[in-house]
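*Asks:* Residue numbers (the numbering used here), protein chains in the order written: chain A, 276 to 614; chain B, 276 to 614.
Protein chains: 2
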Amino acid sequence: MNNIENIIRLAHGGGGKLTLQLIKEIFLPAFKNSILEKLEDSARINFNGKNIAFTIDAYTVNPIFFPGGDIGKLAITGTINDLAMQGGIIDPFISAAFIIEEGFEIENLEKIVKSMKEECLKNNVKIVAGDTKVVEKGLADKIYIITAGISFIPEKVDLGVHRIKEGDAIIVSGTIGDHGATILSTRYDFKLSNSLISDCASLKDLVKSLLENDLEIHCLRDPTRGGLGTILNEIALKTNFGIIIDESKIPIKNDVRALCEILGIDPLYLACEGRIVCFSSWEKRNDVLSIIKENPLGENAMLIGRVTSKFSNKVIMKTTLGVKRIVSMFLGENLPRIC
Amino acid sequence: MNNIENIIRLAHGGGGKLTLQLIKEIFLPAFKNSILEKLEDSARINFNGKNIAFTIDAYTVNPIFFPGGDIGKLAITGTINDLAMQGGIIDPFISAAFIIEEGFEIENLEKIVKSMKEECLKNNVKIVAGDTKVVEKGLADKIYIITAGISFIPEKVDLGVHRIKEGDAIIVSGTIGDHGATILSTRYDFKLSNSLISDCASLKDLVKSLLENDLEIHCLRDPTRGGLGTILNEIALKTNFGIIIDESKIPIKNDVRALCEILGIDPLYLACEGRIVCFSSWEKRNDVLSIIKENPLGENAMLIGRVTSKFSNKVIMKTTLGVKRIVSMFLGENLPRIC
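1) Kindly say whether Ile613/A, judged by its beta-carbon, lies nearer than 8 Å to any beta-carbon of chain B.
2) Would you mind telling me which residues of chain B sit closer than 7 Å to Tyr419/A, beta carbon to beta carbon, in chain order?
3) Going by beta-carbon coordinates alone, are Ile346/B and Ile339/B separated by less than 8 Å?
4) Decide if the segment 413-423 of chain A is in contact with the segment 406-419 of chain B; the criterion is three or more beta carbon pairs, one per stretch, under 8 Å apart.
5) Using only the alpha-carbon positions, how far apart do Ile369/A and Lys299/B sit?
6) Give the residues from the segment 452-482 of chain A that approach chain B closer than 7 Å (Cβ to any Cβ), ordered along the chain.
7) What's the gap between the Cα of Asp521/A and the Cα of Phe341/A?
8) Restricting to Cα atoms, I'd like to know which of Ile310/A, Asp464/A, Cys614/A, Leu485/A is closest to Leu564/A.
9) From the DSSP output, which residues share a beta bridge with Asn326/A?
10) Compare the C-beta of Ala221/A against all C-beta atoms of chain B and say whether one is closer than 8 Å.
11) Which residue comes first and which comes last in the alpha helix (DSSP H) that contains Arg612/A?
12) Quick one: which unbroken beta strand (DSSP E) runs of 3-plus residues sit fully inside the segment 321-376 of chain B? Chain order, please.
13) Report the neighbours of Cys547/A on chain B: residues whose CB is nearer than 7 Å to its CB, in chain order.
14) With a threshold of 6 Å on Cβ separation, who are the neighbours of Cys535/A within its own chain once the five nearest residues in sequence on each side are excluded?
15) Measure the alpha-carbon distance for Ile283/B versus Ile301/B and round it to whole angstroms.
16) Quick one: is Ser470/A buried, meaning 16 or more other Cβ sit within 10 Å of its Cβ, or exposed?
17) Any contact between the segment 592-601 of chain A and the segment 575-589 of chain B? By contact I mean 3 or more CB pairs, one from each, below 8 Å.
18) Relative to the C-alpha of Leu572/A, which candidate in Ala456/A, Glu382/A, Val447/A, Gly502/A has its C-alpha closest?
19) Is DSSP giving Ser523/A helix, strand or coil here?
20) Three-state secondary structure (DSSP) at Asp406/A?
21) What residues from the segment 490-509 of chain A come within 8 Å of chain B, judged by C-beta to C-beta, listed N to C?
22) Kindly say whether Lys528/B, judged by its beta-carbon, lies nearer than 8 Å to any beta-carbon of chain A.
23) Please state whether DSSP places Leu490/A in a helix, a strand or coil.
24) So what's Thr514/B in DSSP terms, helix, strand or just coil?
25) What residues from the segment 394-416 of chain B come within 8 Å of chain A, judged by C-beta to C-beta, listed N to C?
26) Counting only Cβ pairs nearer than 8 Å, list the residues of chain A close to Gly288/B.
27) Between Gly324/B, Ala318/B, Ile566/B, which lies nearest to Ala480/B when the distance is taken from Cα to Cα?
28) Helix, strand or coil, according to DSSP, for Ala576/A in the structure here?
29) Report the rounded CA-to-CA distance for Thr352/B versus Leu478/B, giving the unit in angstroms.
30) Quick check: is the beta carbon of Glu385/A nearer than 8 Å to any beta carbon in chain B?
31) What residue ranges within the segment 542-604 of chain B form continuous alpha helix (DSSP H) runs of no fewer than 4 residues, ordered along the chain?
32) Determine which residues share a DSSP beta bridge with Glu380/A and list them.
33) From the DSSP output, read off the bridge partner residues of Leu495/B.
34) Determine the chain A residues that contact Glu382/B at a beta-carbon separation under 8 Å, and present them in chain order.
35) Given Gly378/B, which residues of its chain have a CB within under 8 Å of its CB, disregarding the five upstream and five downstream residues?
36) Counting only beta-carbon atoms, is Ile446/A nearer than 8 Å to chain B?
Below, the structure is given as structure tokens:
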């Protein structure tokens with residue numbers, strides 16, 4: 276490796292620039308194949324004429340319990356969502372691995388397992404395989420959960436960056452940064468307000484309603500680690516299009532904004548765990564918006580911008596002050612273990 | 276929970292009695308479904324008339340490099356093997372998650388990724404999805420790798436404990452305990468001999484040759500954590516049959532035996548990472564044995580025992596001294612992070 280330092284830093288796991296560098300310089304060259312190279316939220320595998328979505332995610336969130344959820348709920352919704360972003364909404368199955376620190380309270384394990392169970396029941400998802408490893412005290416932070424998911428993609432559904440066109444509308448399904456702000460506020464025990472709550476939720480039914488209607492949906496992403504700003508940059512880089520967004524249209528809760536101002540963090544890089552960034556044809560934008568708003572998870576949905584060929588590989592934001600600024604790629608520092 | 280202490284102990288991850296207790300008292304009641312309840316090496320899912328095997332495993336082995344392999348090779352072969360034990364030998368796909376400690380040398384990550392790549396190429400397996408998380412220094416032991424796998428099961432193949440019959444032959448495909456002995460000897464730097472080497476290997480082709488011939492194979496297991504003794508006990512418990520094995524027939528390398536004698540460990544509980552325990556009809560036992568012996572990984576295969584209805588739920592061993600003893604379930608203490 277030339278362009279990277281010789282040790283792993285926290286930023287390599289931050290979901291931003293250094294994570295992408297690690298993927299591009301180490302993982303992709305080794306595991307080279309056309310499915311992995313798409314770097315979508317889940318892999319799309321063709322088997323026997325049917326398409327299967329397949330994904331894995333490791334959850335190391337700190338703290339493990341937070342307003343709106345816990346590491347168990349997060350692992351299930353995160354996996355369901357990664358599948359759904361590829362259209363994998365039929366018959367999801369999950370496998371779960373647990374790496375537990377010696378001395379972890381079984382009572383807390385039971386709470387986490389209960390959350391997983393409830394989220395599975397709510398979404399008609401089955402956990403069909405599992406593994407548990409215990410490591411010596413100090414060699415994990417309480418518990419890490421890793422979930423893999425498979426599901427089937429309805430026929431004719433083809434979602435991904437390759438489908439994005441010039442002029443596409445960009446819609447977010449709700450306020451951004453709620454999860455990231457909640458984790459930070461809980462971790463450092465800020466007494467800002469009691470209203471911060473993670474948006475952690477399963478998006479399967481919302482995606483289903485988008486796919487059932489003929490809405491010309493091109494690409495879906497859930498802006499987790501790295502937030503909206505990182506997702507938009509990834510897409511601008513891959514498509515060679517530019518992306519223009521309007522700051523005044525981006526839905527952000529007041530408490531999230533306040534926390535960001537105090538900490539000097541840009542809410543564009545804060546993780547969401549129950550939001551969709553939807554790319555659809557410009558013509559269908561109002562239909563998409565109204566379908567999303569019909570779902571309780573989508574009541575704050577907004578059209579925030581558009582894909583353009585005017586500039587390439589860049590995300591530009593019209594700020595509330597009326598000027599334009601570049602939204603750069605998130606470096607990945609400062610916000611470790613947000614999910 | 277009534278029958279378990281209120282904190283997680285290392286033994287809960289040892290693959291023995293306490294692991295089973297954790298599964299039966301916490302995971303199974305919560306995630307209740309007929310696929311998970313089978314507790315095979317991988318789940319068997321029916322989709323559209325086709326059967327898919329699906330598995331996940333977390334690898335936390337210490338040390339991460341050892342004679343015969345490393346954590347990367349282990350993660351790939353382990354997943355391929357779990358799929359193969361259910362007959363999942365067609366088109367395996369793997370997803371991989373990495374939990375890396377801050378400060379880990381990128382050079383070592385590259386070595387591990389190279390091993391994964393080589394093992395994938397050798398087996399025509401693709402890694403199609405991944406995730407990387409970095410945790411603060413001290414909150415992981417260098418690197419943990421979690422791999423999930425899916426693959427397709429040939430039509431008419433139905434392997435599992437439910438197929439085991441009275442009188443079935445029990446064949447192991449090679450010497451037992453090589454992996455466990457190698458890990459212990461490397462971890463504690465015993466200078467016993469240089470010949471200890473992990474048996475870590477992919478069993479896909481060996482399983483393929485067993486399934487292609489009409490050999491009346493009923494059940495396959497790879498005796499990883501907990502070793503041969505634990506696998507046999509699990510099967511005796513599930514089938515209500517008894518199992519009788521002959522100590523003099525169990526292939527064990529001299530160096531493994533020597534290490535076990537010094538440490539006071541029973542080789543029956545030492546992990547294998549490239550061995551099959553095969554249950555087939557008694558009539559076909561010699562055919563099975565010769566097919567296994569044709570494969571370089573099976574040259575030391577032995578018929579070690581038989582399934583019996585004479586006693587129930589117990590594993591009995593005729594010892595080399597001519598007496599019989601009960602082989603009990605492994606408790607799971609003393610051998611953490613063997614895989």
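From the three backbone atoms N, C-alpha and C, an ideal C-beta is built for every residue, glycine too.
*Replies:* Let's see:
1) As a working mapping, residue 613/A is identified with position 338 in the first sequence. No, because no Cβ of chain B sits closer than 8 Å to the Cβ of Ile613/A.
2) On the first sequence, residue 419/A is found 144 positions in, with the first residue counted as 1. In chain order: Ile374.
3) Translated into the one-based positions of the second sequence, residue 346/B becomes position 71. Translated into the one-based positions of the second sequence, residue 339/B becomes position 64. Contact: yes.
4) Taking 8 Å as the limit for Cβ pairs, the verdict is that the segment 406-419 of chain B does touch the segment 413-423 of chain A.
5) On the first sequence, residue 369/A is found 94 positions in, with the first residue counted as 1. On the second sequence, residue 299/B is found 24 positions in, with the first residue counted as 1. Near 18 Å, if we compare the C-alpha coordinates of Lys299/B and Ile369/A.
6) Residues of the segment 452-482 of chain A with a C-beta less than 7 Å from any C-beta of chain B: none at all.
7) Walking along the first sequence from the start, residue 521/A turns up at place 246. Walking along the first sequence from the start, residue 341/A turns up at place 66. About 31 Å.
8) As a first step, residue 564/A must be located in the first sequence, where it is residue number 289. Distances from the CA of Leu564/A to each of Ile310/A, Asp464/A, Cys614/A, Leu485/A were compared; the closest alpha carbon is that of Leu485/A.
9) Position 51 of the first sequence, counting from 1, holds the residue named residue 326/A. Partner(s): Asn321/A, Ile428/A.
10) The requested residue 221/A does not occur in the structure, where chain A is confined to residues 276 to 614.
11) Taking the first residue of the first sequence as position 1, residue 612/A is located at position 337. Following the DSSP letters along the chain, one finds Arg612/A in no alpha helix (DSSP H), marked with neither H nor E.
12) Whole beta strand (DSSP E) segments, 3+ residues: 325-334, 365-376.
13) The count along the first sequence starts at 1 and reaches residue 547/A at position 272. Per Cβ cutoff of 7 Å: no residues; Cys547/A is ~17 Å from chain B at best.
14) Here residue 535/A corresponds to residue number 260 of the first sequence, with the count starting at 1. These residues qualify, in order along the chain: Pro542.
15) Residue mapping note: residue 283/B aligns to position 8 of the second sequence, counting from 1. Residue mapping note: residue 301/B aligns to position 26 of the second sequence, counting from 1. So the two alpha carbons sit approximately 12 Å from each other.
16) In the first sequence, the residue the question calls residue 470/A occupies position 195. Counting the other CB atoms within 10 Å of its CB gives Ser470/A a total below 16, which places it among the exposed residues.
17) For the pair of segments examined, the segment 592-601 of chain A was found not to touch the segment 575-589 of chain B: the number of CB pairs separated by less than 8 Å stays below three.
18) Residue numbering aside, residue 572/A sits at position 297 when the first sequence is read from its first letter. Answer by Cα proximity: Val447/A.
19) Working through the first sequence from its first residue, we reach residue 523/A at position 248. Note: Ser523/A maps to helix in three-state DSSP.
20) Along the first sequence, read from residue 1 onward, the residue named residue 406/A stands at position 131. It is a strand residue.
21) From the segment 490-509 of chain A, no residue has a Cβ closer than 8 Å to chain B.
22) Residue mapping note: residue 528/B aligns to position 253 of the second sequence, counting from 1. It does not; no Cβ of chain A falls within 8 Å.
23) The sequence position of residue 490/A within the first sequence is 215, counting from 1. Note: Leu490/A maps to coil in three-state DSSP.
24) In the second sequence, residue 514/B corresponds to position 239, counting from 1. Residue state, collapsed to three classes: helix.
25) Taking a C-beta cut-off of 8 Å against chain A, the contacting residues of the segment 394-416 of chain B are Cys395, Lys401, Ile402, Val403, Ala404, Gly405, Asp406, Thr407, Lys408, Val409, Val410, Glu411, Gly413, Leu414, Ala415, Asp416, listed in chain order.
26) Your numbering for residue 288/B matches position 13 in the second sequence. Annotation: Cβ neighbours of Gly288/B in chain A (cutoff 8 Å, chain order): Ile375, Thr407, Lys408, Val409, Val410.
27) By 1-based counting over the second sequence, the position of residue 480/B is 205. Looking at the sequence provided, one finds Asp at residue 480/B rather than Ala. Answer by Cα proximity: Ile566/B.
28) Translated into positions along the first sequence, residue 576/A becomes position 301. If DSSP states are grouped into helix, strand and coil, Ala576/A belongs with coil.
29) The residue given as residue 352/B occupies position 77 in the second sequence. The residue given as residue 478/B occupies position 203 in the second sequence. Taking the straight line from one Cα to the other gives about 8 Å.
30) Translated into positions along the first sequence, residue 385/A becomes position 110. Answer yes: the Cβ-Cβ gap between Glu385/A and chain B drops below 8 Å somewhere.
31) Here the runs fully enclosed are 560-569.
32) As a position in the first sequence, residue 380/A is number 105, starting the count at 1. Beta-bridge pairing links Glu380/A to Ile282/B.
33) Position 220 of the second sequence, counting from 1, holds the residue named residue 495/B. According to DSSP, Leu495/B bridges with Cys553/B.
34) Locating residue 382/B in the second sequence gives position 107, where the first residue counts as 1. Under a criterion of Cβ atoms nearer than 8 Å, the residues of chain A adjacent to Glu382/B are, in order, Asn281.
35) Position 103 of the second sequence, counting from 1, holds the residue named residue 378/B. Non-local beta-carbon contacts of Gly378/B in its own chain, meaning distances under 8 Å to residues more than five positions away in sequence, involve Lys412 in chain order.
36) Here the question's residue 446/A lines up with position 171 in the first sequence. At a cut-off of 8 Å, the C-beta of Ile446/A has no neighbouring C-beta in chain B.
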